[in-house]
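Residue numbers (the working numbering): 250 to 498. Here a beta-carbon is modelled for each residue, glycine too, at the ideal position from N, C-alpha and C.
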Amino acid sequence: MVTIKTKEEIELMKKAGHINYLTHQYLKGLIKPGITTKYLNDEADKFIRENGGIPGFLNYEGYPGSICVSVNDEIVHGIPSDDHILREGDIVSLDIGVVIDGYHSDSAWTYPVGVVNKEKERLMHHTEKALFIGLKEIKNGARLNNIGARISEYAHKHNLSVVEELVGHGVGTDLHEEPDVPNYGKYNTGMVLKTGMVIAVEPMLNAGTRHICVLDDDWTIVTEDGRPSAHYEHTVVVTDDGYEILTGE
Ligand code: MF3
Ligand code: CO
250 MVTIKTKEEI ELMKKAGHIN YLTHQYLKGL IKPGITTKYL NDEADKFIRE
300 NGGIPGFLNY EGYPGSICVS VNDEIVHGIP SDDHILREGD IVSLDIGVVI
350 DGYHSDSAWT YPVGVVNKEK ERLMHHTEKA LFIGLKEIKN GARLNNIGAR
400 ISEYAHKHNL SVVEELVGHG VGTDLHEEPD VPNYGKYNTG MVLKTGMVIA
450 VEPMLNAGTR HICVLDDDWT IVTEDGRPSA HYEHTVVVTD DGYEILTGE
C-alpha cells in the first residue's frame with residue numbers, strides 16, 4: 250500500500266531529513282586521504298545521535314553499520330571497515346538514514362577524495378544531474394515511471410549505464426515502503442503520484458557495465474567490471490505542482 254502522509258508526518262520527516270542533510274555536510278568536511286570508512290561511520294553515528302536522531306540503517310535486516318560507505322566500484326551497501334583507508338583519487342558514496350520519532354529519511358551523495366580523474370568527475374557530475382532530472386518529473390497526477398524514463402534517457406545520452414537491480418522506494422515509518430521507484434522505465438506508465446506521497450529517488454550510474462556482483466560479506470554491491478559507480482539520493486514529498494526535498498537545508 251502506498252500511503253499519503255499527513256502534514257504532521259511530513260514535518261517529522263523533514264526533521265529527520267534535515268539531520269540527514271547536516272550529517273552529510275559534517276562528513277563531507279572530514280573526507281580526506283588516510284581516513285578509514287569506519288571513522289566516517291562512527292562520526293556519523295555520533296553526529297546523528299547528538300542531534301536527536303537514530304541511524305536508520307543500523308541493524309536494518311542485519312546490516313552492521315550506521316551508514317553505508319561505498320568506494321569506487323562499490324555501488325551501494327559498503328560496510329564501514331577499519332581496514333578500508335580512503336586514498337587520493339577515490340570517490341566515496343555515503344548513504345545515510347536518520348529516524349526521528351519513528352519516521353525515516355534516506356539520502357546518498359558521492360564525494361571526491363582529493364582530486365579525482367576525469368572519468369570519476371564526469372560520472373559524479375552526470376549522476377547528480379540525473380537525480381534532479383528525475384525529480385523534475387514529480388508532481389501530483391504524474392506517472393511514476395516518468396522519473397526512471399528520464400533518468401535512464403539522460404544516463405545513456407552521456408554513455409553511462411543504469412543499475413536496475415536496485416531501486417528507489419517509498420519512505421515513512423519504514424525505510425523501504427511501496428512503491429518501488431526504478432531508475433528506468435517507460436514514460437507515461439506506472440502508478441499515479443499523489444500529493445503527500447513520500448519517495449526516495451536514487452539513481453546509481455556506472456561508468457562501464459550496468460551489471461553487478463555481491464561480495465562475500467553478502468552486503469557490498471560492486472560493478473561487474475570494476476569501473477566506478479556513483480549514487481545520489483533525496484527523500485522528497487509529492488506536492489500539487491512538483492515536489493519538496495525533505496533531505497535538504
Ligand atoms: N539507502 C539504502 C536503500 O535505500 C538503504 C541502505 S540498506 C541498509 O536501499 F540495509 F544498508 F540499511
Ligand atoms: Co534509499
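Query: Can you look up residue 336 in the DSSP assignment and give me helix, strand or coil?; Result: coil
Query: Do you know how far the Cα of residue 442 is from the Cα of residue 323?; Result: 32 Å
Query: Evaluate residue 253 with the Cβ neighbour count: other Cβ atoms within 10 Å of its Cβ, from every protein chain shown; 16 or more gives buried, anything less gives exposed.; Result: exposed
Query: To the nearest angstrom, how far is it from the Cα of residue 255 to the Cα of residue 446?; Result: 9 Å
Query: Quick one: measure Cβ to Cβ for residue 407 and residue 375, integer angstroms, because I've assumed they're closer than 8 Å.; Result: 5 Å
Query: For the region 270-295, list the beta strand (DSSP E) runs that are entirely contained and at least 3 residues long, ordered along the chain.; Result: none
Query: Buried or exposed: where does residue 242 fall if 16 or more other Cβ atoms within 10 Å of its Cβ makes it buried?; Result: Residue 242 falls outside the range modelled here, since the chain spans only 250 to 498, and no answer is possible.
Query: Tell me the rounded alpha-carbon separation between residue 481 and residue 365.; Result: 18 Å
Query: Should residue 399 be labelled buried (16 or more other beta-carbon atoms within 10 Å of its own) or exposed?; Result: buried
Query: In angstroms with no decimal places, state the Cα-to-Cα distance between residue 274 and residue 361.; Result: 14 Å
Query: Given that a residue counts as buried once 16 or more other Cβ atoms are within 10 Å of its Cβ, and exposed if not, what is residue 283?; Result: exposed
Query: Nearest CA to the CA of residue 292: which residue from 271, 308 and 309?; Result: 271
Query: With a CB to CB cut of under 8 Å and the five nearest residues on each side skipped, what residues in its chain are close to residue 320?; Result: 286, 327, 333, 335, 339, 340, 341 and 342
Query: Please indicate yes or no: does the CB of residue 355 lie closer than 7 Å to some heavy atom of the ligand CO?; Result: yes
Query: Looking at the unbroken alpha helix (DSSP H) that takes in residue 403, where does it start and where does it end?; Result: 394-406
Query: Say whether the region 366-373 touches the region 411-418, bearing in mind that this needs 3 or more beta-carbon pairs closer than 8 Å, one atom from each stretch.; Result: no
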